[in-house]
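Residue numbers (our numbering): 1 to 287.
So this is what it looks like as C-alpha cells:
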C-alpha cells in the first residue's frame with residue numbers, strides 16, 4: 001500500500017502506542033458485527049473527528065488474532081488539516097483517547113510521527129511472549145485468561161534445545177498459514193523457553209516479522225517436544241520441509257501477548273519501510 005497522496009501537504013501522521021486485553025476481541029482488524037481492537041479505536045476517533053472514508057489511514061505494526069493480547073502495540077493514523085481543527089484547544093493525547101476507550105484498551109502515548117514513519121513497514125522487530133502453566137504449577141484462577149494450562153510437566157531443557165534448532169533465517173512455511181503471494185522466510189532472532197519463579201513457563205520469540213499463526217504453531221511444536229510427543233529430529237525435518245502438515249498444532253491464543261515493536265533511528269525509518277516491502281526469496285537463506 002502506498003503512502004497517502006496528500007501526506008506531505010495537508011496531512012499529519014500520528015503514532016499511537018497502546019495495549020489491550022484481547023480476551024473479548026475478535027482480533028485486531030475491524031469486522032462487521034464483531035468487536036475488534038481496530039473497530040473500537042476507529043469508533044473513538046470518529047467521535048472526535050467525524051466519519052472517515054479511509055479509516056484515518058490507520059495501519060498497525062502487527063495484526064493479532066482473536067484472543068491475543070498486547071502489552072505494546074503501535075499503529076499510525078493520518079489526519080487532515082480540517083480534522084485537526086476539530087480538536088480545538090484540546091490536543092490529541094493518550095488521556096483524551098483513554099477517556100473514551102473501554103477499559104480493555106489503554107493508550108500509552110500519542111505523538112506526531114517522524115518523517116518516513118510507517119507503523120508496519122518501518123518496524124525492524126517484533127517480540128511475543130507465550131505463557132504456559134504445566135504440571136508443576138499450582139492452579140491460579142488469575143492466569144485463566146492469560147495462560148495455556150497443561151496437565152503434564154514439560155521438559156524445559158529439551159524444549160530449549162528444540163528452540164535452538166529453529167533460530168535463524170529460515171523458511172517457516174511449516175508453521176505458517178499459507179497466504180497467496182506471501183513469503184514465509186523470516187529471521188527468528190531469539191527463541192527461549194524459561195521456567196519462571198512461579199513455575200510457569202514462558203516462551204519468548206523475537207523476529208523481524210512473523211507470518212500468520214507462526215508464533216502459536218512454533219509454541220505448539222515446542223510443547224510436543226517438551227511432552228515427548230515429537231523428537232528433535234522430527235522437528236528439524238518438519239522445519240526444513242517448509243510445508244504445513246497435520247503434526248503442527250496451533251495452540252490457544254489466550255497465552256500469547258505481543259510484547260514489543262522496535263524501530264530504527266528516525267533517519268532510517270523511510271529506508272526501512274522500503275526494504276520491508278521487498279519480498280524475500282529462498283536464495284537469501286544460507287545453508
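For glycine and all other residues, C-beta sits at the position ideal for the given N, C-alpha and C.
CA-to-CA distance, residue j to residue i, given in whole angstroms
i: residue 261; j: residue 207; result: 10 Å
i: residue 133; j: residue 116; result: 42 Å
i: residue 289; j: residue 192; result: As displayed, the chain neither begins before 1 nor continues past 287, which places residue 289 out of reach and without an answer.
i: residue 41; j: residue 232; result: 43 Å
i: residue 247; j: residue 70; result: 28 Å
i: residue 88; j: residue 81; result: 12 Å
i: residue 177; j: residue 275; result: 23 Å
i: residue 259; j: residue 240; result: 28 Å
i: residue 140; j: residue 23; result: 17 Å
i: residue 242; j: residue 174; result: 4 Å
Cβ-based neighbour list, residue i, same chain, cut-off 6 Å, excluding 5 preceding and 5 following
i: residue 222; result: 159 and 162
i: residue 253; result: 65, 67 and 68
i: residue 75; result: 16, 58, 60 and 119
i: residue 167; result: 188 and 191
i: residue 79; result: 12
i: residue 49; result: 83 and 86
i: residue 204; result: 129 and 192
Neighbour-count burial assignment, residue i, 16 or more Cβ in a 10 Å radius
i: residue 54; result: exposed
i: residue 64; result: buried
i: residue 126; result: buried
i: residue 213; result: buried
i: residue 184; result: buried
i: residue 190; result: exposed
i: residue 73; result: buried
i: residue 272; result: buried
Residues sharing a beta bridge with residue i, DSSP
i: residue 191; result: 205
i: residue 185; result: 171
i: residue 239; result: Its beta-bridge partners do not exist; DSSP assigns none.
Cut-off 7 Å between Cβ atoms - residues of its own chain near residue i, not counting five sequence neighbours on either side
i: residue 94; result: 107, 108, 109 and 110
i: residue 100; result: 44 and 47
i: residue 220; result: 248, 249, 250 and 251
i: residue 291; result: Lying outside 1 to 287, the shown extent of the chain, residue 291 is not represented and no answer is given.
Cβ-based neighbour list, residue i, same chain, cut-off 8 Å, excluding 5 preceding and 5 following
i: residue 156; result: 193, 194, 195, 201 and 226
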